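Contents: one structure, followed by commentary.
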Amino acid sequence: MNALISVSDKSGIVEFAQALHALGVRLISTGGTAKLLADHGLPVTEVAQLTDFPEMLDGRVKTLHPKVHGGLLARRDLPQHMAALKRHGIATIDLLVVNLYPFEATVASPGCTLEDAIENIDIGGPAMVRSGAKNWKDVAVVTDASQYEPVLSELKAGGLSETTRFALAVAAFNRISNYDAAISDYLSGFGQDGSRSLFPGQANGRFVKLQDLRYGENPHQQAAFYRDLHPAPGSLVSAKQLHGKELSYNNIADADAAWECVKSFSEPACVIVKHANPCGVALAADPLQAYTRAFQTDPTSAFGGIIAFNRTLDAVAAQAVSRQFVEVLMAPDFTPEALEVFKSKVNVRILQIAMPAWYGKAGSAQRSDWDNGRNAIDLKRVGSGLLMQTADNRELTLGELRVVSKLQPSAQQLQDLLFAWKVAKYVKSNAIVFCRDGMTVGVGAGQMSRLDSARNAGIKAQHANLSLAGTAVASDAFFPFRDGLDVVVDAGATCVIQPGGSMRDPEVIAAADERGVAMVFTGVRHFRH
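Per the numbering used here, the very first residue in the sequence shown carries number 1157; after that it's consecutive.
If you want it as structure tokens, here you go:
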């Protein structure tokens, strides 16, 4: 058995090669890899020796030779192929071990130049991987160090099964696909003037399937759940399901809405989501109080909802949650006692999503979007097309607020306004959110008219027996007329936060002054469609 080894990342390769040698496998290798193996006392044939042709062009050409690709591509079950090998003195290659130049890591480095990127485009490696993977019935192709141990185990047990060789081939072609897509994404981002665009000339989405789902939004639709090739830390796809039945398509979509909202708060928080909209959000000293306050906003909608906490869930909070029907429960961690509470509730899906070490610490807001565990780019399918945009990761600080009314908001009102604004970002547009003391008291979502969203928020508060007197109100986009402002003030609001930017801003500001309420502009809107 002949094995050709050519790796850029040499982690674990010496031990793997030693084990292959112990099994009687002949080792063939290239350049630096061959030297490394020889330095560890392993008998190794250099590719230049095999091909009788020297490496050239600074190593750009070394394995692009018939004695390499003939040995990989020849079908052992075809006499004419084997005769051709014999005629030309070509030996079969039965095991190919290749990992590629680190193109992705190179272009991820802040100081990467176009020249750096070009030099890290592997040519010979992908060519060999394609040849070997195409001939998977006769050649096993190993493209990642994680495969070393299972491959060795099977070889020691008598040889690689056809099932394993096919799985290795699929993994190999997936690796080549991801590698080529990364190159395409990077290079097609360059304009004619040499500048780079955030959006490449060709977008090559790369996702890994996590699981098939029972069905999609409706039973007649099929569905599956995928994750990014390199998922952000603290994201939903990293969740570990600790309890409950299988997640549905709608569970996952709503869970993502709840999780993205709750992790935007550094203080202990609880978010309850129903049909993609927060129906209750609250801050408190501990999970129990946060849940109690969030649930109070809209107990009717909370039935069968998705609940997310940004702190470890303890037994007392778990007991409170267990008294209602909940579809999905999420937190960074759960105490053993909290999990015990749900032991008999087999339908409750419990997800643990570990948060990065920096979460909640001072200064974390200044970290990059990727470090903050958010998507950098959002995608939306349209008919035969794709909309792509930078994600709405804009955070607002107190210093950015512009008071436009005569009445100045108090310190407490400013905190409530910021809280309401943060919640409104996760409510479907048109969004109107009434808040008080770090708690939502009325949420109006997804109406075609901003007036109807405001009225709906008031109706929700009435049904929950909550007063809107003295509340702060957030509108995700500007009030185009004063009528929207009048509705929220009539309901009891005393301060309002909105983006501003309407041609009728002076009319709306005058209405705020007339009604005696404070109003601040953000200069930012949060449409969520």
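Built from N, CA and C at the ideal position, the CB exists for glycine as well. None of the values given here were measured: they were computed from a predicted structure.
Rounded to whole angstroms, what is the Cα-Cα separation between residue i and residue j?
i       : j       : result
Pro1636 : Asp1165 : 59 Å
Pro1565 : Ser1631 : 17 Å
Ser1520 : Gly1555 : Here the model assigns Ser1520 a pLDDT of 46, short of 50, so the residue's position is not dependable, and the following value carries that caveat. Approximately 18 Å, taken between the alpha carbons.
Val1676 : Asn1407 : 36 Å
Ala1171 : Gly1314 : Residue identity check: residue 1171 is Glu in the sequence provided, not Ala. If I take the Cα positions, the gap works out to 20 Å.
Lys1223 : Ile1246 : 5 Å
Val1502 : Gly1436 : 25 Å
Val1664 : Arg1638 : 5 Å
Lys1218 : Thr1207 : 9 Å
Tyr1304 : Val1298 : 7 Å
Gln1236 : Gly1180 : 28 Å
Asp1534 : Ala1327 : 27 Å
Glu1310 : Tyr1447 : 52 Å
Asp1341 : Pro1356 : 6 Å
Val1477 : Asp1442 : 14 Å
Glu1496 : Ala1283 : 54 Å
Ile1462 : Ala1411 : 6 Å
Leu1176 : Arg1182 : 8 Å
Ala1532 : Ala1395 : 19 Å
Leaving out five residues before and five after residue i in sequence, what residues of the same chain have Cβ atoms less than 6 Å from its Cβ?
i       : result
Phe1590 : Val1597, Gly1598, Ala1613, Leu1624, Thr1627 and Val1629
Ala1494 : Leu1469, Asp1470, Ala1471 and Ala1474
Lys1581 : His1682
Ile1615 : none
Ala1204 : Pro1210 and Glu1211
Asp1294 : Arg1232
Ala1296 : Leu1251, Leu1316, Arg1321 and Leu1324
Ala1617 : Val1597, Gly1598 and Leu1624
Ile1169 : Val1163
Val1263 : Ala1273 and Tyr1342
Once DSSP output is grouped into helix, strand and coil, what is the label at residue i?
i       : result
Met1544 : strand
Pro1434 : strand
Met1570 : Note on identity: in this sequence residue 1570 is Leu, with Met being the wrong assignment. DSSP places Leu1570 in helix when its eight states are reduced to three.
His1196 : coil
Ser1561 : coil
Ala1610 : helix
Gly1461 : strand
Ser1309 : helix
Asn1406 : helix
Cys1651 : strand
Lys1166 : coil
Ala1674 : strand
Arg1182 : strand
Asp1534 : strand
Arg1243 : helix
His1177 : helix
Arg1449 : helix
Lys1109 : Lying before the first or after the last residue shown, residue 1109 is absent from the chain, which here runs from 1157 to 1685.
Lys1396 : strand
Ala1620 : coil
Met1284 : helix
Ala1159 : strand
Val1263 : helix
Short of 7 Å in beta carbon distance, which residues of its chain neighbour residue i, apart from the five on each side in sequence? Order them along the chain.
i       : result
Val1504 : His1399, Gly1400, Val1482, Leu1485 and Phe1498
His1685 : Ser1585
Ala1338 : Phe1259 and Glu1260
Ser1353 : Gly1345 and Gly1347
Arg1449 : Ala1438, Ala1440 and Met1595
Ala1667 : Arg1638, Leu1641 and Asp1642
Glu1402 : Arg1370
Which residues share a DSSP beta bridge with residue i?
i       : result
Ala1425 : Leu1439
Arg1383 : Val1364
Val1504 : Answer by DSSP bridge pairing: none, since Val1504 is not bridged.
Phe1120 : Examination of residue 1120 is not possible in this model, given that the chain is present from 1157 through 1685 alone.
Met1212 : Val1217
Since residue i and residue j should fall inside the 8 Å C-beta cutoff, what is the C-beta to C-beta distance between them, to a whole number of angstroms?
i       : j       : result
Asn1158 : Asp1250 : 6 Å
Cys1426 : Ala1409 : Incorrect: roughly 19 Å between the Cβ atoms, too far for contact.
Arg1592 : Asp1572 : 6 Å
Pro1434 : Ala1620 : Not quite, the Cβ-Cβ distance comes to about 14 Å (not below 8 Å), so this is no contact.
Ile1161 : Ala1178 : Incorrect: roughly 15 Å between the Cβ atoms, too far for contact.
Leu1213 : Gly1226 : In fact, because the Cβ distance is near 22 Å, the residues do not count as touching under 8 Å.
Leu1570 : Leu1552 : Wrong, their Cβ atoms sit about 11 Å apart, outside the cutoff.
Ser1605 : Val1673 : Between Val1673 and Ser1605 the Cβ distance is about 21 Å, and since that is not below 8 Å, they are no contact.
Asn1466 : Val1418 : 5 Å
Check whether the Cβ of residue i lies closer than 8 Å to any heavy atom of the ligand GTP, and answer yes or no.
i       : result
Thr1207 : With respect to the ligand GTP, the structure offers nothing, as it holds no ligand at all.
Could you name the residues of the same chain whose beta carbon sits closer than 8 Å to that of residue i, not counting the 5 residues immediately before and after it, in chain order?
i       : result
Asp1489 : Thr1468, Leu1469, Gln1508 and Ala1510
Ser1658 : Phe1634, Phe1635, Pro1636 and Val1664
Ser1167 : Ala1301
Tyr1371 : Gln1377, Gln1378, Ala1379, Ser1404 and Tyr1405
Phe1363 : Tyr1382, Arg1383, Asp1384 and Leu1385
Ala1230 : His1237, Met1238, Ala1240, Leu1241, Ile1246, Thr1248, Asn1291 and Asp1294
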